[in-house]
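> Chains as they are written, first to last, in this note's numbering: chain A, 7 to 803; chain B, 9 to 233.
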Amino acid sequence: MFKKYFKTALRNLLRNRTFSVINVTGLAFALAAFWLIMLFVADELSYDRYHAKSDRIFRLVSHGKWDGGSFDITGTSGPMAAALKKDYPEIEATVRLDPTAGGLITYAQKHLRADDVFFADSNFFSVFSFPFLAGDPYSALLKPQSIVLTRKMAVRLFGTVDAALNKIVYFQNKQPEQVTGVVEDVPENSHFTFSAIRSFPADFNPDWSNFYLYTYGVLRDKKEGAALQEKLPGFVKKYLYSKGLDIKYDLELQPLTSIHLHSNVGYELGANRSMKFIYIFCIVALLILSVAVINYINITTARASVRLREIAVRKVIGSGRKDLVCLFLAESVTITIGATLLSALLAGAFMPVFNQLAGKSLQFWHFGPLQTVAALLLFAAVLGATGGLYPALFLSGFKPVPALKNQIGKQPLQALFRKTLVVFQFTITVVMIVATLVVYCQLRYMTHKDLGFDKNQVLTFRSDDENMRLKSKEFRNSLLADSRIEEVAFSGSPIGNNNIGMGSFNVETEDGAIDQNMTLAYGLAIDEHYIPTMRIRLLQGRNFNEAMLTDSNTLLVNAAFVKKTGWKNAIGKGIQMGRDASGKPVVKRIIGVTSDFHTYSLQHKIEPLVMHLPAGANEKTNVYVRVSRQDIAATTGFIGNVFRKFDAISPFEYNFLDRNFRKQYQSEEKQGKVLLLFTIVTIGIACLGLLGLITFTTAQRVKEIGIRKVLGASGIGLVRLLSTGLLKLVIIALVIAIPVAWLVMNKWLGDFAYRVHIRWWMFMVSGGVAFVIAGVTLSFQTIKAAIANPAKALRSE
Amino acid sequence: MIKITNLEKIYRTEEVETVALNDLSFQVKEGEFVAVMGPSGCGKSTLLNILGLLDDPDAGSFLFNGVEVAKFNERKRADMRKKNIGFVFQSFNLIDELTVFENVELPLMYAGVKKSERKARVDEVLEKVQIMHRRNHFPQQLSGGQQQRVAVARAVVNKPKLILADEPTGNLDSSNGNEVMQMLTDLNEAGTTIVMVTHSEHDARYSHRIIRMLDGHTVTENILV
């Protein structure tokens, strides 16, 4: 019986090719988009799950709060790991990571820069599962000065994996390390990645007051997590408050597998995403699919009158309603299976583009070929049954006698239902257009906003060689000898990479005393050329002058710092910068206030900033070169040559400052591009539905159009007559979409410290786009019908 | 086989009330061939729909083989219909997506007949109506006469006790029309009861008895045999 159903269904679809093509194509594109999003989501949800102990591993993060501020950071203090393991038997193991192990790696004449290198405890590879290609995971990091490389790093340094084992490499040209293992490259679905892991130095002995290490642990039983969390305040009391910590401090256990989508604290090891983003993607996938399913429902129910006689005959000769429902469900399942096959081809074809847009390396056969095919077919059947149920019940419900006479009636409820669905489709479409437009405007805003300094034409690179840092003045002068170099400056930390460290300071109050409450601020070491090179405005006071020896005891602050302290006049105020060797507080005086400028990307608010002169040559690690606009390639070549004269070994790897900032918006850019892609797909599918409806409506009204033409109706009048109904629905959709889009996008923009405001013209443009596209779609059929020969239409009747 | 008594059927719209059947009573015996005639709108088709259990009367009694079916629900009517009644329509009403064989096979499928038996019975009936050579063609590839032969084959394949024919020759030329009438006569002679609605005096003469209707009730009955 089922075979018969499918055979009949297939013939029916072939006989009505136009509608079948509309249904299959729309569904295929929607399903392709759906698969791609699902693969994306599956990949996001798979982060860190490849570790054998993933369900038992946790990360420890810190939350601090006091009157002057608060912090939420990944950093924990060094002794915590051992103390936790000692105090809590439910913890099987703990391991610490120190992210400051990167730098220049040298083997023979080969020098590579690698910043993604960690120091780690010796049990790192028994906690985390990284397959060893050479060496032993349990002993690789036992001895100090051991290093385990990834396959890629091993091949870069030694040519092959096998050649790497037991070789000696040097860090910063002076620290020898023996290669004791090679592991597979870190999978992309990891919340942190590395190219090498080094054992901690023999003299590594961190204290309780430095919160910069990453601490992970393994529970003996995954269910112990919640109970352990409850015990941590006691741990803090025992080890931290007892040592004089005078802020409210909490430790939080984060399950390893939830870090990527649920953690957003300071100093994350990679670009985490938000679960909100995953929900948005899933909703978009379902909306696209629903737009295509609505097409099927609308076209099938609209065409009911064509199927009436068949339905009646089947009923007359004995078919029950169940048989008819099965038949119509078979049709919808046939369509979804056809669409699924096509969607697999489309998804495969679009995969490279999607991967590029989303920054992923997704594979179509991610779940395995058999599982994928089974899942696709099952999904097609479920989708076909779900989407086909309403049309099946609707069509099978006609009474045979009026159906035999083609007396279907006007079906006002069904017509209203169809109209509602069209409105729903276009509401989704308009919301997606508005969303795309807002994302685009926000991206444009972020990349074009005045950052408080001139980020253009600034080339930046690291100075790894100590000798070069010591000769920074000569290096600067050599560069300035060329007229294409406008300015050169040095700083301790790079800006635009979102990783300047925050510090806490005790500041002088208006009455001259030092406030015992700490003020949290970024700290940045800059030389005297930094302010003019970056074209930062001085609001008050003066810039550093390195010729004045006393300037080493002076500071610049930004306007946000002054605002936070509430000073009326900042010049001359003191800030305590730690203590000297004898334990005496070191107070430095403010000599200038700059305007606020962004050191982090625009997702972050401008925070108070304290600038000081580098304490020594070693703090001049980042070089900023402002270049003229002429012949950039030759200029960078020149800078490279000068660099090589001062540092014969380190690779000259430079970036443009504006691109550094832009890199921080990659996630939003990817979101924007993916959203644009899916918006285009949604518009296309919604228009296919409109095309289907208007094609059918026009065909049904051929006689009416003929008579109207004979009676003198104009072509334009007929186009208006045929299009008005559907265009009205698009207008209703616009009205509904505006508040929905406003709410959704306002929420999205809420994540940005600096954001555009949603303007009325965005809705006008989005509505205009939807209206014009709908109008053009309708005009294909309406114009054709309006210019057709009326005699032909009337004769055929 | 059929006994209807004081049958009434009224169609109502918001403004108009149309009496289709008005106090109609008659009987059809098993093995009879009855023609129902009358002008358009006299209630012939309504009567046929009620006899075929496609529609229900507003009042009166309808005994089918001694069972009161006037108040049957849709499911019972469908069940009674597929076991006992075959239909032949003026416009053939074949399903375009199915081949000749599949069209004829359909009532057997709905009746739950096994595949092997279905094939034998469809082949037998297609032989009988001389359309076997076209068994794999689709309706649109056939002439009107051929299509009506397929429709007759479909109506009889389930061996119904009653065949209801609604102007079976209305869309056919005289030669094809005569062929179809001869087929119905043969079926009747083989024991099938036939009730036929027609406008054609010529076709009516194939029957045993003519019931003439006007404004929803019988006006005369002519016994021909």
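C-beta atoms are modelled at their ideal positions from N, C-alpha and C, and glycine is treated no differently.
Under a CB-based cut-off of 9 angstroms, is Ala-336(A) close to chain B?
Residue numbering aside, residue 336(A) sits at position 330 when the first sequence is read from its first letter. With 9 angstroms as the cut-off, Ala-336(A) does not count as an interface residue toward chain B.
> Going by beta-carbon coordinates alone, are Gln-184(A) and Asn-172(A) separated by less than 9 angstroms?
Counted from its first residue, the first sequence places residue 184(A) at position 178. Counted from its first residue, the first sequence places residue 172(A) at position 166. For Gln-184(A) and Asn-172(A), yes; Cβs fall inside 9 angstroms.
> Mind listing which residues of the region 294–325 of chain A have their C-beta closer than 8 angstroms to chain B's C-betas, in chain order?
Answer in chain order: Arg-315, Glu-316, Ala-318, Val-319, Arg-320, Lys-321, Val-322, Ile-323, Gly-324, Ser-325.
> Excluding the 5 residues preceding and the 5 following Asp-521(A) in the sequence, name in chain order all residues of the same chain whose CB lies nearer than 7 angstroms to its CB.
Position 515 of the first sequence, counted from the start, is the residue given in the question as residue 521(A). Excluding sequence neighbours, Asp-521(A) sits near Asn-512, Val-513, Thr-515.
> Return no unless some Cβ of chain A is closer than 9 angstroms to the Cβ of Glu-270(B).
A query on residue 270(B) cannot be resolved here, the shown segment of chain B reaching from 9 to 233 and no further.
> Using a Cβ-Cβ distance under 9 angstroms, would Leu-410(A) count as near chain B?
The count along the first sequence starts at 1 and reaches residue 410(A) at position 404. Yes, because at least one Cβ of chain B sits closer than 9 angstroms to the Cβ of Leu-410(A).
> Find out if the Cβ-Cβ distance for the pair Thr-788(A), Thr-442(A) is shorter than 9 angstroms.
What you label residue 788(A) is simply residue 782 of the first sequence in a count that begins at 1. What you label residue 442(A) is simply residue 436 of the first sequence in a count that begins at 1. Cβ atoms of Thr-788(A) and Thr-442(A): not closer than 9 angstroms.
> Let me check understanding here. Comparing Cα to Cα, which of Leu-368(A), Val-30(A), Ser-264(A), Gln-463(A) lies closest to Thr-306(A)?
Against the first sequence, residue 306(A) aligns to sequence position 300. When each option's Cα is compared against that of Thr-306(A), the closest is Val-30(A).
> Taking Cβ positions only, does Asp-61(A) come closer than 9 angstroms to chain B?
The residue you call residue 61(A) lines up with position 55 of the first sequence. No, its Cβ sits nowhere closer than 9 angstroms to a Cβ of chain B.
> For chain A, is any of its Cβ atoms less than 9 angstroms away from the one on Leu-62(B)?
As a first step, residue 62(B) must be located in the second sequence, where it is residue number 54. Yes, contact with chain A.
> Mind pulling the chain A residues with CB within less than 9 angstroms of Ala-119(B)?
Taking the first residue of the second sequence as position 1, residue 119(B) is located at position 111. Near Ala-119(B) (Cβ distances below 9 angstroms), the residues of chain A are Gly-324.
> Are there 16 or more other CB atoms within 10 angstroms of the CB of Tyr-829(A), so buried, or fewer, so exposed?
This structure cannot settle anything about residue 829(A), because the visible part of chain A is limited to 7 through 803.
> Does the Cβ-Cβ distance between Ser-720(A) and Leu-784(A) come in under 9 angstroms?
For the purposes of this step, residue 720(A) is taken as residue 714 along the first sequence, with counting starting at 1. For the purposes of this step, residue 784(A) is taken as residue 778 along the first sequence, with counting starting at 1. Cβ distance not < 9 angstroms, so Ser-720(A) and Leu-784(A) don't count as in contact.
> Name the two residues that bound the continuous beta strand (DSSP E) containing Pro-591(A).
Looking up residue 591(A) in the first sequence gives position 585. Counting along the chain, the beta strand (DSSP E) containing Pro-591(A) begins and ends at 591–600.
> The ligand ATP and Glu-674(A): does the residue's C-beta get closer than 8 angstroms to at least one heavy atom of that ligand?
Because no ligand of any kind appears in the structure shown, any question about the ligand ATP cannot be addressed here.
> Report the residues of the region 365–386 of chain A with a CB closer than 7 angstroms to any CB of chain B, ordered along the chain.
Listed by position, the residues of the region 365–386 of chain A near chain B (Cβ gap below 7 angstroms) amount to none.
> Here's the rule: buried if 16 or more other CB atoms are within 10 angstroms of the residue's CB, otherwise exposed. What is Ser-124(B)?
Translated into the one-based positions of the second sequence, residue 124(B) becomes position 116. By the neighbour-count rule (16 or more Cβ atoms within 10 Å), Ser-124(B) is not buried but exposed.
> Determine the direct distance from the alpha carbon of Phe-136(A) to that of Arg-482(A), and round the result to whole angstroms.
Translated into the one-based positions of the first sequence, residue 482(A) becomes position 476. Translated into the one-based positions of the first sequence, residue 136(A) becomes position 130. C-alpha separation (whole angstroms): 44 angstroms.
> Kindly indicate if chain A contains any beta-carbon less than 9 angstroms away from that of Glu-23(B).
Start at 1 with the first residue of the second sequence, and residue 23(B) comes out as number 15. Judged by the 9 angstroms Cβ criterion, Glu-23(B) is not in contact with chain A.
> Can you tell me whether Val-359(A) is buried or exposed? The criterion is at least 16 other CB atoms within 10 Å of its CB, across all chains shown.
Counting from one through the first sequence, the residue named residue 359(A) turns up at place 353. Exposed.
> Alpha carbon to alpha carbon, how far is Asn-795(A) from Val-322(A)?
Here the question's residue 795(A) lines up with position 789 in the first sequence. Here the question's residue 322(A) lines up with position 316 in the first sequence. Those two C-alpha atoms are separated by around 39 angstroms.
> Give a yes or no on whether the minimum CB-CB distance between Glu-803(A) and chain B is below 9 angstroms.
Within the first sequence, residue 803(A) is the residue found at index 797, counting from 1. In this predicted model, Glu-803(A) has a pLDDT of only 41, less than 50, meaning its place in the structure is not dependable; the value taken from the coordinates is given anyway. No, its Cβ sits nowhere closer than 9 angstroms to a Cβ of chain B.
> For the region 151–177 of chain B, enumerate the residues whose C-beta is nearer than 9 angstroms to any C-beta of chain A, in chain order.
Here the close residues are Arg-162, Ala-163, Asn-166.
> Once you ignore the five residues that flank Leu-148(A) on each side, which residues in its own chain have a CB closer than 6 angstroms to its CB?
Taking the first residue of the first sequence as 1, we reach residue 148(A) at position 142. The residues are Ser-128.
> Taking a contact to mean a Cβ-Cβ separation below 9 angstroms, would you say Val-687(A) touches Ala-169(A) in this structure?
For the purposes of this step, residue 687(A) is identified with residue 681 of the first sequence, where counting begins at 1. For the purposes of this step, residue 169(A) is identified with residue 163 of the first sequence, where counting begins at 1. No. Outside cutoff.
> With respect to the beta strand (DSSP E) encompassing Gly-678(A), which residues constitute its N-terminal and C-terminal limits?
Here the question's residue 678(A) lines up with position 672 in the first sequence. That residue, Gly-678(A), is in no beta strand (DSSP E); its alpha helix (DSSP H) goes 672–706.
> For chain A, find out if any of its Cβ atoms is closer than 9 angstroms to the Cβ of Asn-101(B); answer yes or no.
As a position in the second sequence, residue 101(B) is number 93, starting the count at 1. So, interface residue.
> What residues in its chain sit with their C-beta under 6 angstroms from that of Val-680(A), if we drop five residues either side in the sequence?
The sequence position of residue 680(A) within the first sequence is 674, counting from 1. Here the set comprises Leu-363, Ala-364.
> Say whether the region 84–96 of chain A touches the region 219–228 of chain A, bearing in mind that this needs 3 or more beta-carbon pairs closer than 8 angstroms, one atom from each stretch.
The region 84–96 of chain A, when compared against the region 219–228 of chain A, does touch it at the 8 angstroms Cβ threshold.
> Here's the rule: buried if 16 or more other CB atoms are within 10 angstroms of the residue's CB, otherwise exposed. What is Glu-552(A)?
Taking the first sequence and counting its residues from 1, one reaches residue 552(A) at position 546. Burial call: exposed.
> Is it the case that the Cβ atoms of Pro-207(A) and Phe-125(A) are separated by a distance below 9 angstroms?
The count along the first sequence starts at 1 and reaches residue 207(A) at position 201. The count along the first sequence starts at 1 and reaches residue 125(A) at position 119. Contact: yes.
> Just to confirm, are Ser-338(A) and Gly-272(A) a CB contact at a threshold of 9 angstroms?
Counting from one through the first sequence, the residue named residue 338(A) turns up at place 332. Counting from one through the first sequence, the residue named residue 272(A) turns up at place 266. No, Cβ-Cβ distance for Ser-338(A) and Gly-272(A) is not below 9 angstroms.
> Mind checking the region 8–19 of chain A against chain B and listing, in chain order, the residues whose C-beta falls within less than 8 angstroms of any C-beta there?
Per Cβ criterion, the list reads Lys-10, Thr-14, Arg-17, Asn-18.
> Could you tell me the boundaries of the alpha helix (DSSP H) in which Asn-666(A) lies?
The residue labelled residue 666(A) in the question sits at position 660 within the first sequence. Segment 663–669, the alpha helix (DSSP H) holding Asn-666(A).
> Mind checking Asn-575(A): buried by the 16 CB within 10 Å criterion, or exposed?
Position 569 of the first sequence, counted from the first residue, corresponds to residue 575(A). Exposed, because fewer than 16 other Cβ atoms sit within 10 Å of the Cβ of Asn-575(A).
> Return the Cβ separation of Ala-43(B) and Ser-215(B) in integer angstroms, given the expectation that the two are a contact with Cβ distance under 8 angstroms.
For the purposes of this step, residue 43(B) is identified with residue 35 of the second sequence, where counting begins at 1. For the purposes of this step, residue 215(B) is identified with residue 207 of the second sequence, where counting begins at 1. Indeed they touch by this definition, with Cβ atoms about 4 angstroms apart.
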